[in-house]
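Asks:
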Amino acid sequence: MGHAAGCHHVGFMRTQGIGCEKDFAKGLAAYKEACKHDDGNSCNRVASMYLSSRANSLIKRDILQAKTYLEKACDTNFAPACHNLAVMYKKGDEGIPKDESKYNEYRAKTEKLIEQAGGMSSIKAA
Numbered sequence: 857m858g859h860a861a862g863c864h865h866v867g868f869m870r871t872q873g874i875g876c877e878k879d880f881a882k883g884l885a886a887y888k889e890a891c892k893h894d895d896g897n898s899c900n901r902v903a904s905m906y907l908s909s910r911a912n913s914l915i916k917r918d919i920l921q922a923k924t925y926l927e928k929a930c931d932t933n934f935a936p937a938c939h940n941l942a943v944m945y946k947k948g949d950e951g952i953p954k955d956e957s958k959y960n961e962y963r964a965k966t967e968k969l970i971e972q973a974g975g976m977s978s979i980k981a982a
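The working numbering puts the first residue of the sequence shown at 857, with every later residue one more than the last.
(1) Would you tell me roughly how many angstroms separate the C-alpha atoms of L914 and A903, rounded to the nearest one?
(2) Considering E950, what are the terminal residues of the alpha helix (DSSP H) in which it resides?
(3) With respect to the alpha helix (DSSP H) encompassing D879, which residues constitute its N-terminal and C-terminal limits?
(4) Answer with buried or exposed for G875, where buried requires no fewer than 16 other C-beta atoms within 10 angstroms of its C-beta.
(5) Among the candidates N960, I952, Y959, N900, whose CA atom is the shortest distance from the CA of P936?
(6) What would DSSP say about I874, mapped onto helix, strand or coil?
(7) What does a CB cutoff of less than 6 Å around D894 pick up in its chain, not counting 5 residues either side in sequence?
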């Protein structure tokens, strides 16, 4: 687990330019490496980059890639990713149709994870 956490921190430092020159490509690579080792937060960050495409044009908005990384993050029980999937299925998005069943599935998982964690102030009901 230490490897994944270290990669996550490198990803954060690189994408933010903390203690080094800002480098989205290296930051993204570090997040992806951490995600391979089941770091849900890193998977969620990669998904966010695919959703926003703000990473200096490094990656284009790709909702299907984002969904893949959100699913992996949610599989690690990272509640914010499960919440993002619930929102995605509630509203629909490019190539992702609204799906009430999947919305309910991810919302229920989010609520369960929040309850187990004793609450998460940053997560609002989808």
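Each residue gets a CB set at the ideal place from its N, CA and C atoms; glycine is no exception.
Small disclaimer: the values here were computed from a predicted structure and weren't measured.
Replies: Based on what the coordinates show:
(1) 14 Å
(2) Counting along the chain, E950 falls outside any alpha helix (DSSP H), and DSSP gives it neither H nor E.
(3) Neither: D879 is in no alpha helix (DSSP H) and is coded neither H nor E.
(4) exposed
(5) N900
(6) coil
(7) T932
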